[in-house]
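Protein chains in written order, with my numbering: chain A, 2 to 212; chain B, 2 to 212; chain C, 2 to 212; chain D, 2 to 212. The beta-carbon is built from N, C-alpha and C at its ideal position, and this holds for glycine as well. Keep in mind that this is a model prediction, so the values were computed, not measured. First comes the structure, then the notes that go with it.
4 protein chains.
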Amino acid sequence: MVVAASEHLHVIQEEDSSKRRQILDGARKVFMDLGFDGASMGEIARAAQVSKGTLYVYFADKCALFEAILEQEALQHGQVVFNFDPARDAETTLKDFGRAYIHLLCRPGGGSAIRTVMAIAERMPDVGRRYYARVLDKTINRLSEYLKAHVASGDLGIDDCDLAASQFMELCKASLFLPFVFQAAPAPSEQRMTEVVDSATRMFLAAYRAK
Amino acid sequence: MVVAASEHLHVIQEEDSSKRRQILDGARKVFMDLGFDGASMGEIARAAQVSKGTLYVYFADKCALFEAILEQEALQHGQVVFNFDPARDAETTLKDFGRAYIHLLCRPGGGSAIRTVMAIAERMPDVGRRYYARVLDKTINRLSEYLKAHVASGDLGIDDCDLAASQFMELCKASLFLPFVFQAAPAPSEQRMTEVVDSATRMFLAAYRAK
Amino acid sequence: MVVAASEHLHVIQEEDSSKRRQILDGARKVFMDLGFDGASMGEIARAAQVSKGTLYVYFADKCALFEAILEQEALQHGQVVFNFDPARDAETTLKDFGRAYIHLLCRPGGGSAIRTVMAIAERMPDVGRRYYARVLDKTINRLSEYLKAHVASGDLGIDDCDLAASQFMELCKASLFLPFVFQAAPAPSEQRMTEVVDSATRMFLAAYRAK
Amino acid sequence: MVVAASEHLHVIQEEDSSKRRQILDGARKVFMDLGFDGASMGEIARAAQVSKGTLYVYFADKCALFEAILEQEALQHGQVVFNFDPARDAETTLKDFGRAYIHLLCRPGGGSAIRTVMAIAERMPDVGRRYYARVLDKTINRLSEYLKAHVASGDLGIDDCDLAASQFMELCKASLFLPFVFQAAPAPSEQRMTEVVDSATRMFLAAYRAK
DNA sequence: TATGAATGAGACTTCATTCAT
DNA sequence: AATGAATGAAGTCTCATTCAT
Numbered sequence: 002m003v004v005a006a007s008e009h010l011h012v013i014q015e016e017d018s019s020k021r022r023q024i025l026d027g028a029r030k031v032f033m034d035l036g037f038d039g040a041s042m043g044e045i046a047r048a049a050q051v052s053k054g055t056l057y058v059y060f061a062d063k064c065a066l067f068e069a070i071l072e073q074e075a076l077q078h079g080q081v082v083f084n085f086d087p088a089r090d091a092e093t094t095l096k097d098f099g100r101a102y103i104h105l106l107c108r109p110g111g112g113s114a115i116r117t118v119m120a121i122a123e124r125m126p127d128v129g130r131r132y133y134a135r136v137l138d139k140t141i142n143r144l145s146e147y148l149k150a151h152v153a154s155g156d157l158g159i160d161d162c163d164l165a166a167s168q169f170m171e172l173c174k175a176s177l178f179l180p181f182v183f184q185a186a187p188a189p190s191e192q193r194m195t196e197v198v199d200s201a202t203r204m205f206l207a208a209y210r211a212k
Numbered sequence: 002m003v004v005a006a007s008e009h010l011h012v013i014q015e016e017d018s019s020k021r022r023q024i025l026d027g028a029r030k031v032f033m034d035l036g037f038d039g040a041s042m043g044e045i046a047r048a049a050q051v052s053k054g055t056l057y058v059y060f061a062d063k064c065a066l067f068e069a070i071l072e073q074e075a076l077q078h079g080q081v082v083f084n085f086d087p088a089r090d091a092e093t094t095l096k097d098f099g100r101a102y103i104h105l106l107c108r109p110g111g112g113s114a115i116r117t118v119m120a121i122a123e124r125m126p127d128v129g130r131r132y133y134a135r136v137l138d139k140t141i142n143r144l145s146e147y148l149k150a151h152v153a154s155g156d157l158g159i160d161d162c163d164l165a166a167s168q169f170m171e172l173c174k175a176s177l178f179l180p181f182v183f184q185a186a187p188a189p190s191e192q193r194m195t196e197v198v199d200s201a202t203r204m205f206l207a208a209y210r211a212k
Numbered sequence: 002m003v004v005a006a007s008e009h010l011h012v013i014q015e016e017d018s019s020k021r022r023q024i025l026d027g028a029r030k031v032f033m034d035l036g037f038d039g040a041s042m043g044e045i046a047r048a049a050q051v052s053k054g055t056l057y058v059y060f061a062d063k064c065a066l067f068e069a070i071l072e073q074e075a076l077q078h079g080q081v082v083f084n085f086d087p088a089r090d091a092e093t094t095l096k097d098f099g100r101a102y103i104h105l106l107c108r109p110g111g112g113s114a115i116r117t118v119m120a121i122a123e124r125m126p127d128v129g130r131r132y133y134a135r136v137l138d139k140t141i142n143r144l145s146e147y148l149k150a151h152v153a154s155g156d157l158g159i160d161d162c163d164l165a166a167s168q169f170m171e172l173c174k175a176s177l178f179l180p181f182v183f184q185a186a187p188a189p190s191e192q193r194m195t196e197v198v199d200s201a202t203r204m205f206l207a208a209y210r211a212k
Numbered sequence: 002m003v004v005a006a007s008e009h010l011h012v013i014q015e016e017d018s019s020k021r022r023q024i025l026d027g028a029r030k031v032f033m034d035l036g037f038d039g040a041s042m043g044e045i046a047r048a049a050q051v052s053k054g055t056l057y058v059y060f061a062d063k064c065a066l067f068e069a070i071l072e073q074e075a076l077q078h079g080q081v082v083f084n085f086d087p088a089r090d091a092e093t094t095l096k097d098f099g100r101a102y103i104h105l106l107c108r109p110g111g112g113s114a115i116r117t118v119m120a121i122a123e124r125m126p127d128v129g130r131r132y133y134a135r136v137l138d139k140t141i142n143r144l145s146e147y148l149k150a151h152v153a154s155g156d157l158g159i160d161d162c163d164l165a166a167s168q169f170m171e172l173c174k175a176s177l178f179l180p181f182v183f184q185a186a187p188a189p190s191e192q193r194m195t196e197v198v199d200s201a202t203r204m205f206l207a208a209y210r211a212k
């Protein structure tokens, strides 16, 4: 009895309530497809196969629902195993990271989060700031830490590792990301991504490999 | 009446009607500040100091007005004199271009166009594609042409000049653009922009200077 | 041409715009019948024969529309010619006033304003206070002034004329107002109103006539 | 388990179920504070520390719950010992009654019931009528009976004792009740109440004391 | 041409009520 | 008996667009 009782404890808003997940899944799709303003709570309800009212049982309002999705996105990003083990050699590490990163951005419906948040950052600066800090800046920092370790070990010669990290990430997007988000080109092929990341790595190391 | 009628024969959509300009100016401000969905025709009318009805005299609907602004933006971008004279040496040219480019993106209210279009690219793919082609891709191509000339002259050693052009542009944004659009940082200082562009140029030349 | 031009000056929100009046008329009926919460903007639009949107062209929101009606009510009340000419003798003046007052309160749909405001006074104290000051207190004061004049002239002997004014008004409601607003009785007959007002006057003078 | 089943055989609508009381107490507070429309079943559930579902176990719907509260209010009013012992002298009786009555109306959150019912009397006439009959009219009648006794004993000279009773009650409200419910003034002080009731009594006796 | 009044579809949100447990 | 999750109808308000002048 003591043990089984927990089954009956339906704590709503429990981070993992199945309905909550269901809503988040539906909402993410709609938000990412249509943007914050373009997405209507009605559409979201339909996508999540819930009544409109239920949406409000789990989330205070449209904005809270949107932020919950970004939160999830942040967690996901954090869990993507960028292997920044300092023991790994720079070239391999950068290439692996670059591929994983560009995959994340250019996956179908991929740059969506970044784009959607960007769109409302002016009207809702807090949302924008938070997203930047929790998702983008975090990754930069992790890469930056890795670089610092290799600077310390004499592998690399870098003055400003934060800048360098950011540079590498930008390099990986070259010719891929913008055409993709503007729908000027379909998602890039694996081969193209590899080419671009390889080129980025070459350029990065040409500039920062310790002499 | 027959005679006087000619007075009424103004060709409305004459590209440079002063009213039209007035509307475009007001509308740009509102669209860029609030995004496509956030901007209301009422607000635009107020900003342009015109009645709401007049908006529809000059533009079929909100979308057409928005596209007209992007058109204008494209023209403006084209007119920004990026000095790509093949006779100039690469380092100077890249640094000048880089600074001008990052200025454009990070000017107050700056990444606005790019951001605003990005936001609706999924719902209005044509708008996105057209903007990419007329504004972003065009600049890439002009830089790419410049690079090709220097490859031909033996100055630079580059396989894929389109990629290289894109890479340089991305490098210039490193640590500047994303914090700016997400409002995680204020517009960067002149000095910081110069530093970043210099670093980008160094890296670019380290990789692509002909040996 | 010079003269006729004024016809074309549609200044919206002009206090007497015909549409505005039309809306106020429809809205009053609905508000008074159903109360503030019971009245829906849709219902009001129907009653006023306007679109729902038009309501919001003339009034910022439901609350503003409601207050506009109270304003009107206040004006109306002020215009009801309670003849408080100090030259008139007390008995006649009180009887005339009493009848006019109770008529106002018990007219079909009559105590509605007072009742409707009372209902929301707790949630919207400002509205309540303003209504009290502009309508109820004002009438008390006018009667009180009249009484003071007759105290001065030696006709009446009253210590607290404000209290006395309020007492007379309350007396006039005896057996009439509460049954009416609670729908426990139909609107009272002319004869009954006269009886009650006469009785009130008698009682008032019995207490306050100078000896 | 078989044995324990009897535990489940509570007769629900038992007038004094403790849960029922608990609900009524919470509901009264919310209804009186926010009015019928302003009160939500959710808020009531919270105030009563009961689940929303439980509300519907004890009461068919919001309206029934509201009426149950009025019922309670009626009982309470009936229990307030207005001492109408015919043996008591008129002046003392009236003063005592007047003070008790005005206390009831102007107690913090006081005119609430009367106001709340008034608010919905038009939409729910039955509720209004019943409340008037069970609470207001009842008190009038009790006072009227008292007056009749004193008329019979030759103490007072009154034609229409129902009217007279109503008059006295209205007099007691003079300058107190309306400012209070419209929040134009705080609850009156003890002294002020005494003054007003004394004045009402004087006026009443001046008119109705047998000569 | 230019206006501004008017519209109606549709957005977000609340809430009384039901139902499975 | 008691719960709380779920619903859908209905409410307030916004806004792109039309139309008579």
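Item to check | Simplified DSSP state of Leu137(B), which is helix, strand or coil | outcome: helix
Next on the checklist: Check for me: the alpha helix (DSSP H) holding Met125(C) runs from which residue to which?
Outcome noted: Unbroken run through Met125(C): none, as it is neither H nor E.
Item to check | Residue-level contact to chain A via CB, Val128(B), 7 Å cutoff | outcome: no
Item to check | Residue from Leu164(B), Thr140(B), Met119(B) with nearest C-alpha to Leu105(B) | outcome: Thr140(B)
Checklist entry - Are the beta-carbon atoms of Met204(C) and Ala208(D) separated by less than 7 Å? => result yes
Checklist entry - When DSSP labels each residue in this structure, what does Arg89(B) get in the three-state scheme? => result coil
Item to check | Beta-carbon contacts of His151(D) that lie in its chain and below 6 Å, excluding the five residues immediately before and after | outcome: Ala91, Leu157
Next on the checklist: Would you say Val81(A) lies against chain B (beta-carbon separation less than 7 Å)?
Outcome noted: no
Checklist entry - Using a C-beta to C-beta distance shorter than 9 Å, which residues of chain D count as neighbours of Ser200(C)? => result Asp160, Asp161, Leu164, Ala165, Gln168, Ala208
Checklist entry - Is the distance from the Cβ of Val136(B) to the Cβ of Ala75(B) below 7 Å? => result yes
Checklist entry - If you run the structure through DSSP and keep just helix, strand and coil, what is Leu76(A)? => result helix
Checklist entry - Since Ala175(C) meets chain D, which of its residues come closer than 7 Å, beta carbon to beta carbon? => result Leu164, Ser167, Gln168, Glu171
Item to check | Where Arg100(A) sits in the DSSP three-state scheme | outcome: helix
Item to check | Cβ neighbours of Ala211(B) in the same chain (closer than 7 Å, five flanking residues each side left out) | outcome: Gly155, Asp156, Leu157, Gly158
Item to check | Backbone secondary structure at Leu177(B) - three-state DSSP | outcome: coil
Checklist entry - Cβ atoms of Val31(A) and Glu44(A): under 7 Å apart, would you say? => result yes
Item to check | Helix, strand or coil at Ala5(A) according to DSSP, with G and I counted as helix | outcome: Per-residue confidence for Ala5(A) stands at a pLDDT of 41, beneath the threshold of 50, marking its modelled position as unreliable; no derived number is given.
Next on the checklist: Let me check understanding here. Comparing Cα to Cα, which of Tyr132(D), Ala49(D), Glu146(D) lies closest to Glu1(D)?
Outcome noted: The structure shown does not extend to residue 1(D), since chain D spans only 2 to 212, so no value can be given for it.
Next on the checklist: At the 7 Å Cβ level, is Glu146(D) part of the contact set with chain C, yes or no?
Outcome noted: no
Checklist entry - Tell me, which residues are paired with Leu56(A) by DSSP? => result DSSP output for Leu56(A) lists no bridge partner at all.
Next on the checklist: Between Ala49(C), Leu35(C), Thr93(C), which has its C-alpha nearest Arg116(C)'s C-alpha?
Outcome noted: Leu35(C)
Checklist entry - Expressed to the nearest angstrom, what Euclidean distance is found between the alpha-carbon atoms of Arg21(C) and Gln77(C)? => result 17 Å
Next on the checklist: Using CA atoms only, rank isn't needed, just tell me which of Ala65(D), Ala28(D), Leu71(D) is closest to Ser52(D).
Outcome noted: Ala28(D)
Checklist entry - Which chain A residues sit within Cβ distance under 9 Å of Asp34(B)? => result Glu123, Arg124
Next on the checklist: Can you pull the chain D neighbours of Phe183(C), defined as C-beta to C-beta under 8 Å?
Outcome noted: Val118, Met119, Ala122, Gly129, Arg130, Tyr132, Tyr133, Leu137
Checklist entry - If you draw a straight line from the alpha carbon of Lys149(A) to that of Thr94(A), how long is it in whole angstroms? => result 14 Å
Item to check | Whole-angstrom distance between Ala188(D) and Arg1(C), CA atom to CA atom | outcome: Lying before the first or after the last residue shown, residue 1(C) is absent from chain C, which here runs from 2 to 212.
Item to check | Beta-carbon separation (whole angstroms), Leu164(B) vs Ser200(A), contact threshold 8 Å | outcome: 6 Å
Item to check | Coarse secondary structure for Arg108(B), derived from DSSP in three states | outcome: coil
Next on the checklist: Short of 7 Å in beta carbon distance, which residues of its chain neighbour Ile70(B), apart from the five on each side in sequence? Order them along the chain.
Outcome noted: Leu25, Ala28, Arg29, Phe32
Checklist entry - Using Cβ-Cβ distances below 7 Å, what residues of the region 33–54 of chain D are close to chain C? => result Asp34, Leu35, Gly36, Asp38, Gly39
Checklist entry - Distance, Cα to Cα, Phe37(B) vs Ala40(D)? => result 39 Å
Item to check | Which residues DSSP lists as bridging Leu157(D), in chain order | outcome: Arg210(D)
Checklist entry - For the candidate residues Cys162(C), Gln168(C), Ala120(C), whose alpha-carbon lies nearest to that of Thr214(C)? => result Because chain C in this structure spans residues 2 to 212, residue 214(C) falls outside the shown range and cannot be described.
Checklist entry - Which word fits Ser19(C), buried or exposed, when buried means at least 16 other C-beta atoms lie within 10 angstroms of its C-beta? => result exposed
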